[in-house]
Every structure is written in C-alpha cells, then in structure tokens.
Amino acid sequence: VTVADAGEDTRKARQPRGRAPGHQLWRRFWSRHNERAGYLFILPASAHLALFLLIPIGFSLYLSFHEWSTPGFLGAPFVGLENYRDLLQDEPFWRAMRNTATYTVLSVPLGMAVSLAMAVTVNRRLLGINVFRAIFFLPVITSWVAVSVVWITLLSPNAGVVNYVFGLVGLPPQAWLDNPRWAMFAIVIITIWKGAGFQMVIWLAGLQSIPIELHEAAAIDGANRWRTFWHVTLPLLFPTTFFLAVTGVIGGFQVFTPMYVITEGGPLGATDVAVYHIYKRAFQEFSMGYASAQAWVLFAVIFLATLLQLWYVRRRGETSLA
Amino acid sequence: MSRQRMRERRTRVRIVTGEQRGLARLWDTLMPVRTVFFYAMLIFIAVGMLVPFLWMVSTSLRPPGAAFSYPPQILPTTFDLRNYQQLFTLVPFGRYFLNTVLVTVLTVAGQVAFCATAAYAFARLSFIGRKAFFVLFLATMMIPFQVTMIPLFLLVFQLGWVNTYTGLIAPGISSAFGIFLLRQAFLTIPRDYQDAARIDGANEWTVFFRIFLPLTKPALATVSVFAFMGTWNDLLWPLLVARDEEHRTLELGLAYFNASSSAFQQPNWPLMMAASVVVLLPVLVVYLFAQRYFVAGIALSGVKG
C-alpha cells in the first residue's frame, strides 16, 4: 500500500454523493485491492446456491399462491391467499402439526437427558472407554430406513424382542406400532436410541471444556458430587444445552423417514407428522400449491420456536449466545 | 493439552472437613466396587445399543422365509447365507448398491470441490461483497429442505432430470455447512504461508491447491464423511427423483421392499434383515476407519454453534 493509494481513497471519499455511485463501485471493483479471483472461487457454490436453493425458495412462495395440480410449468390459476385460508380449517393438517409437536416435545428433552447421562458416564478415564463411546455412537451413523426395518421386527407384537423382555419382567405385551396410543411413543424411543450418541458427543465436548479448577473450587467449598453437577456443571453447560435444544427442535419438526417407513402415518393418523403430510399432499395428491403453503406454515412454526428460545436466552441474560 | 497438564488433571483436589473424612474414606475404599458398578452400567447401555444390530445379523442368517426365533436368539444359531445370495438374484440389490455408490461418490467429490473453493475465497481472499455472500450462504442453512423440495422437484422435472443420476446428484453437490466448516479450517492457516507463496510467484489457484488443501486434510475428511453419511442414508430426495427401478438407491430399495412385503401375511424377515445388513455395512466400514472425523465434525458443529 503506497501513499498515492491512500490519497486516491480519500479523494474518492470526498466526491459528491450524487455523482454516479455505480461508477465508483466499478472503479473499486477493478482496483488492485479487490481480489477478483474470489469471485471465480465462489462461482460454483454460488451458482449451485442460486439454482437449487434461491430459485426454489422464490418459486415455492409463488407456488403457494397458486392452485397447482400438475408437474408442468405455468398456467396454474392464481388464487391469492386461498391456500392459506383453506389451511386454517384443514383439521388433518393441524393434527399432523400437533403430532409433530408431540414428537418434538417428547423426543428432545428425553433425548437430551439420556445423552447427558451417557456423556457423564463415559467422561472418565477407564480402560476401554473409547470402545464404549464408539458403541454408543454406532446408531448415529446408521441409516434410518435399515434401523426402522429392524425396529419393526423388534417391536412386533407376537415374536418381538421388546415384548419378550416385557414378558420376562411380567408386563403385558403391547401391539406397539398398531396401537394409536403407543405408536408415537415407540418412534420417540427409536429416535432417542438412534440420536443419543450424537448428542452425547456434543455434551462430551461441552463437559471437557469446563475448567477443572471450577470443580476443585466447588469441592473445597464442600459441595458433594450431585450438587457440583447441578450447580456448577449444568449451568456451565448452558451453551451446549441451548444448542442441542435449538437444533433438536428444528430437527424434530422435520422428522419424516421413521414415519414413512415404520407406520406410514398410522395407525389412524396417530403418527402423521407435518413433513409426511406435506409429502403426501404434494406427491401423492399432486396439490403442490397447497402443499407449498403448508411447508411455509411449517417453516414459520420452526422459525417461531427458534425465536422463542432465543428470546428466552436473551431474557436470562446470556448475551454470548443471542 | 500438554502432558504435564494431563498429569495434573488425574490428581483431583479433595479437601474434606472432619465429619466428611469418614465418608470420604468409605468412598475411597469402595473404589473397586464403584469401578465394577461403572462397567456394569456401561455394558448395560452398550447391550441396549447393540441388541438391534445383533438381532438383525442373527435373523439374516436364518433359513430363507423362516419366522423369528422364539424365544429370541440375539446371537446367531444358524449360518445360512442363502438370504444374501437371494438378495442379489431375486431382488436387484446389486443394482441398488452400485447406484448408491455412484451417487455417493460423486456427491462427496462435488461437495469437497464446491465447498473448498468457496471456503477458501471466504477465508483468505478479500473482494467486494465477500461478507454479503457469506451471510447469504449462512442464512440458507436455516431454510429447511421441506420448503424447497416441491419447487426443487418441479425444477428437476422441467430439466428432464427425473429418473437420472444427474437429478439424484446435482442438488446435493454443495452445502453451506461444508463451506462454513472448511472456512473455519482455512482461517487457522497463517496468512504468511499465502503471502510467501505469492511472493514466490504462485497464483491464487496454486496457493489454494498446493498449500491450503494439503494442510486441511482432516477438515476435508470431516466434510467428506458428513457428505457420505448424508447421501448414503438419504431417503426423501431419492424417493422423489428416482421413480423407476433402474435408479433406486439402497435406502429407497429397502423402503419399497419393506412396504411391499408388509402386504404379505408372513413377510420374509430374514431376507429383509439381510438387506438391512447390506445397507449398513459400508457405513460401518467407513466409520471404523474414519471414526475420529465423524466425532470431530459433530463436536465442532456443537461447540461453534
């Protein structure tokens, strides 16, 4: 950087604002401080983003205001807000939203509690602890479809392993997946089994970032292990807790595969969740405009849920997060 | 963490008042009992995690068309490999397998290429609009796939990509998460390396390809592993795009197989379990060899938020 360059910069800044800001931008664009190679480097990813994300987002909004029923382009009648108005009275859609909320409210806190217990258990130096960590993490990497198929057999009413174990402890066998009362609960259990290892790894990273001195200080003050955990560890884990809650809720609202493979939304619509509902509307009934409106409502709900959690954090005064 | 600090960590401070001393001594004498208790707990959870997999393997080794063993045998009692044989003769699982490999390999390669180039520009090149572009990429991470899946399908349909490999691969070859993760990795490399290479006459591409890429192999591995896992295990997008049997992936094939056989009175469970094993096995193998990249990526995504 030379003095001449600096002089040029100040002269530019003094130019009257009315005169061709575009021209100025053009000169800055060609100046040698602008590393134009950057545009070439981001070109592939940006083109991909525009084609497969930005255009679809805009098009999705457009769709939601039209009565779209064929996969062809254009020519669909504009219906304004009618899709959204119909949606308000669409009882099956709201039942699907309620089911999604039930799934999320059950699976997120339970999963977080189970995975925290697992993380605390494996957060110590013992022979072979890495083997246990690897085993706990194993279900995370497996495919939802294969896991679903296996759990269908495990939960089968007559010959399933779960009912066999129930029989051993003297509990009555259940028709897990054929009973509207238990089907969602069964899927929540499968979700926790599959996802706990993922959350465990994140809890573990959080636990290991807590300085040992704080635990020592608590021990000096005479706190026992339980109180140290409750009053020192858990508050310090708040960023992790917050992260898991937010991502868990976002993921919970987007659940699709287990419902598609295990129950197909049944029995009696008990596990018909939002994304499965949207999928059926769009790709089995081909009302794509209406389904797009539903997708936007789902997005709005997810967005509001996230905002709500951010607002809660702000109110608590955790400025580092929000 | 230094070796010294690790040694310090092992010896925890324990300061106890008089009345607690007895309890603390008891706690210390119970050390072996506690260890046994811990292992018991660990093994209990591990069994819970492993039983579904063992059950899957043992059922897949039963004679074709057999019912479940009752009482359930978690460990295999028969070693009948005919189910695996049937899987590739009666059902075109070989085709599904090759489809999945092709789609996954190309998606992973695409993600590494697309994300690494963009991440390099965002981390180490200063151009007008850099920040705006980066924020745009990050913002798109918030949009769930469900919002874009319908128009995306219509787009792919219009392009004539339904029932093609292009349709299966193209939408997945870049990801904002990958860009974000690789940008973090590139930012850890000193700017001096870049400057030194430039003084030696290297152009941007050479700096990127010969210096930054080799130095960030672990991050590239993490992105690859995530892309691999996401693509191999994806159901929703193949379900929309692969409408004929020729382009089905393993996930889709297994899902259809499951749906069609649950119509029968007595589904062929051993065959289905063999199919599940075939779907899971490649991921398990990758996991065995690249375990730390799976964990590193997840821990990173958690800590950095």
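These protein sequence lines are chains G and B, in that order.
Going by my numbering, the first sequence opens with residue 2, and the numbers climb by one from there.
Going by my numbering, the second sequence opens with residue 190, and the numbers climb by one from there.
Beta carbons: idealized from backbone N, C-alpha and C, even for Gly.
The shortest CA-to-CA distance from Glu83/G to any of Leu208/G, Ala187/G, Trp95/G and Ser293/G is the one to Ser293/G. Burial state of Phe243/G is buried, judged by a 10 Å Cβ sphere holding 16 or more other Cβ atoms. Val276, Ile279, Ala283, Phe284, Met289, Ala292, Ser293 and Ala296: these are the residues of the stretch 263-296 of chain G whose beta carbon lies less than 7 Å from some beta carbon of chain B, given in chain order. Under the 8 Å Cβ criterion, the stretch 139-156 of chain G does not count as touching the stretch 274-291 of chain G, having fewer than three qualifying pairs. Residue burial is scored here from C-beta neighbours: Glu92/G has fewer than 16 other C-beta atoms within 10 angstroms and is therefore classed as exposed.
Of all residues in the stretch 197-208 of chain G, only Gly198, Phe199, Val202, Ile203, Leu205, Ala206 and Gly207 come within less than 8 Å of chain B when Cβ atoms are compared, listed by chain position.
Glu68/G does not reach chain B, its nearest Cβ partner there being about 14 Å away, counting only Cβ pairs nearer than 8 Å. Chain B has no Cβ within less than 7 Å of the Cβ of Ala219/G. For Glu265/G, there is no enclosing alpha helix (DSSP H), as DSSP marks it with neither H nor E. In the three-state scheme derived from DSSP, where H, G and I count as helix and E and B as strand, His34/G is classed as coil. When DSSP assignments are scanned along the stretch 331-359 of chain B, the uninterrupted stretches of alpha helix (DSSP H) that are 4 or more residues long and fall wholly within it turn out to be 334-347 and 354-358. Proximity of Leu425/B to chain G, defined by a Cβ-Cβ separation below 7 Å, is satisfied. When C-beta distances to chain G are compared with 7 Å, the residues of the stretch 468-486 of chain B below that value are Val468, Leu469, Val472, Tyr476, Gln480, Phe483 and Val484, in chain order. In summary, Arg316/G is exposed, with fewer than 16 beta-carbon neighbours lying within 10 Å of its beta-carbon over all protein chains present. For Asn422/B, the chain G residues whose Cβ falls inside 7 Å of its Cβ are Ser144 and Trp145, in order along the chain. Assigned with DSSP and collapsed to three states, Phe316/B falls in coil, not helix or strand. In the three-state DSSP reduction, Phe242/B falls in the helix class (H, G or I). Under DSSP, the beta-bridge partners assigned to Phe79/G are His67/G. Neighbours of Ser108/G across chain B, judged by C-beta separation under 7 Å, do not exist; the nearest C-beta is about 17 Å away. Spanning the alpha carbons of Phe233/B and Pro158/G requires a straight line of approximately 24 Å. Taking all protein chains in view, the Cβ of Leu308/G is surrounded by fewer than 16 other Cβ atoms within 10 Å, so the residue is classified as exposed.
When Cβ-Cβ separations below 7 Å define contact, Tyr259/B makes contact with chain G. The beta carbon of Ala307/B sits closer than 6 Å to the beta carbons of Ile368 from its chain, once the five residues preceding and following it are set aside; these are given in chain order. With a threshold of 16 other beta carbon atoms within 10 Å, Lys195/G meets it and is buried.
Ranking Leu238/G, Gly270/G, Ala48/G and Gly253/G by CA distance to the CA of Met201/G puts Leu238/G first. If you compare the alpha carbons of Leu460/B, Pro241/B and Val414/B with that of Ala485/B, the shortest gap goes to Val414/B. The beta-carbon of Thr192/G is placed no less than 7 Å from the nearest beta-carbon of chain B.
Using a Cβ-Cβ cut-off of 7 Å, Pro140/G is close to Met238 of chain B, given in chain order. Residue Gly198/G holds the alpha-carbon nearest to the alpha-carbon of Met113/G among Pro45/G, Trp183/G and Gly198/G.
The distance from the Cβ of Ile339/B to that of Ser61/G is about 6 Å, consistent with a contact at the 8 Å cut-off.
Residue-level contact by beta carbon holds for Thr154/G and chain B, with a gap shorter than 7 Å.
For Leu299/G, the chain B residues whose Cβ falls inside 9 Å of its Cβ are Pro333, Gln335 and Val336, in order along the chain. Under the DSSP assignment, Gln209/G falls in the alpha helix (DSSP H) whose first and last residues are Ala184 to Gln209. Below the 7 Å Cβ cutoff, chain G contributes Phe42 as neighbours of Tyr309/B, in chain order.
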